[in-house]
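Residue numbers (the working numbering), protein chains in the order written: chain A, 1 to 111; chain B, 112 to 225. Accompanying notes for the structure given below.
And the structure:
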C-alpha cells in the first residue's frame, strides 16, 4: 500500500462545477499536509496548506480528517485555468522535512 | 526574486556518460532536496540535505551522488547514466521544521539517456 494515495482521475468537469478530491495517508504520525498544483511540464507549486480546523482560500477549501487519515480539496465554481494535476503531500515534521507525494489527480475543466 | 534555479533545463546523455545538475536557492533555506518524476508517477526523493556539508539518501538514491558544499547550492551527479534515469528532475528547498512550510521547487531538468 502506498503511503499517500489519490484517485488519479482524470476528472473532467464543466466550467462552474464543484469538484472534490480526496487523499488518504497511511502514517498516523504525519503532521503537515499540503495540496500542490502542477501544470503540464511545469514544477509543482504550493496551493495551500491543510490545517486541522480546515481552511479556505477563495474558491478552494481544504479539510483534514485525522481520525480517518484523509485530506480533501474542494474547488467551487471551476475555471478553465484550474485544469492541472493536484498533488497531495504529507510531511513528518520530525523527519528532516521529507515529504511524501501522492501520484496526483488530473483535473480538466471544459467550456 | 529568483527562488530556486536549476541548470541545465534540458540534457541528452549517452549511456555511460556522467553529468552534474546544479540547484541554487537564494532564500537562505536550510533544507534542500532532489526529486525525480516519471510519467504517471509521483515525485520520488533521491537525496536530501539538512544543511551545508550534510547529505542523506532518499527513496531512490542508487546511481546518484550529491554534494552541498555551500548552503545555497545542491548538486546532483549521475556517475554513469543509464536509460532508466531518463526523467524530470526537480530540486526543492524549504525552511527548517517545525514551521511546516511547503517546498519551493525549481523549474526542473528534463534528462534523456539514450
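Glycine included, C-beta positions come from ideal geometry on N, C-alpha and C.
Bridge-paired residues (DSSP) for residue i
| i | result |
| --- | --- |
| residue 71 of chain A | A/23 and A/64 |
| residue 179 of chain B | Bridge partners of residue 179 of chain B: none, in fact. |
| residue 59 of chain A | Beta-bridge pairing links residue 59 of chain A to no other residue. |
| residue 168 of chain B | B/158 |
| residue 133 of chain B | B/118 and B/186 |
| residue 1 of chain A | Residue 1 of chain A pairs with nothing; no bridge assigned. |
| residue 139 of chain B | Answer is none; residue 139 of chain B lacks a bridge partner. |
| residue 105 of chain A | A/86 |
Residue i versus residue j - alpha carbon distance
| i | j | result |
| --- | --- | --- |
| residue 146 of chain B | residue 57 of chain A | 28 Å |
| residue 6 of chain A | residue 35 of chain A | 12 Å |
| residue 26 of chain A | residue 1 of chain A | 8 Å |
| residue 72 of chain A | residue 60 of chain A | 10 Å |
| residue 91 of chain A | residue 3 of chain A | 11 Å |
| residue 157 of chain B | residue 17 of chain A | 38 Å |
| residue 201 of chain B | residue 220 of chain B | 7 Å |
| residue 19 of chain A | residue 87 of chain A | 15 Å |
| residue 217 of chain B | residue 15 of chain A | 31 Å |
| residue 209 of chain B | residue 13 of chain A | Low confidence applies to residue 209 of chain B: its pLDDT is 44, below 50, so where it sits in the model is not reliable, and the reading given next is rough at best. Approximately 37 Å, taken between the alpha carbons. |
| residue 165 of chain B | residue 110 of chain A | 47 Å |
| residue 180 of chain B | residue 191 of chain B | 22 Å |
| residue 194 of chain B | residue 76 of chain A | 42 Å |
Cβ-based burial, residue i [other Cβ within 10 Å; buried from 16]
| i | result |
| --- | --- |
| residue 160 of chain B | buried |
| residue 189 of chain B | buried |
| residue 78 of chain A | buried |
| residue 102 of chain A | buried |
| residue 170 of chain B | exposed |
| residue 40 of chain A | exposed |
| residue 187 of chain B | buried |
| residue 106 of chain A | buried |
| residue 149 of chain B | exposed |
| residue 82 of chain A | buried |
| residue 118 of chain B | exposed |
| residue 207 of chain B | exposed |
| residue 120 of chain B | exposed |
| residue 112 of chain A | For residue 112 of chain A there is no data in the structure shown, the boundaries of chain A being 1 and 111. |
| residue 28 of chain A | exposed |
| residue 48 of chain A | buried |
| residue 222 of chain B | buried |
| residue 153 of chain B | buried |
Residue i, enclosing beta strand (DSSP E) - first and last residue
| i | result |
| --- | --- |
| residue 84 of chain A | 84-91 |
| residue 45 of chain A | 45-50 |
| residue 5 of chain A | 4-6 |
| residue 202 of chain B | 198-205 |
| residue 123 of chain B | 121-124 |
| residue 10 of chain A | Premise fails: residue 10 of chain A is in no beta strand (DSSP E) and is neither H nor E. |
ask   = With contact counted as at least three CB pairs below 8 Å, one residue from each stretch, are the stretch 56-71 of chain A and the stretch 129-140 of chain B in contact?
value = no
request  = Give a yes or no on contact between the stretch 16-34 of chain A and the stretch 113-124 of chain B, applying the rule of three or more CB pairs nearer than 8 Å.
outcome  = no
key: the stretch 42-58 of chain A touching the stretch 129-137 of chain B, judged by at least three CB pairs closer than 8 Å   = no
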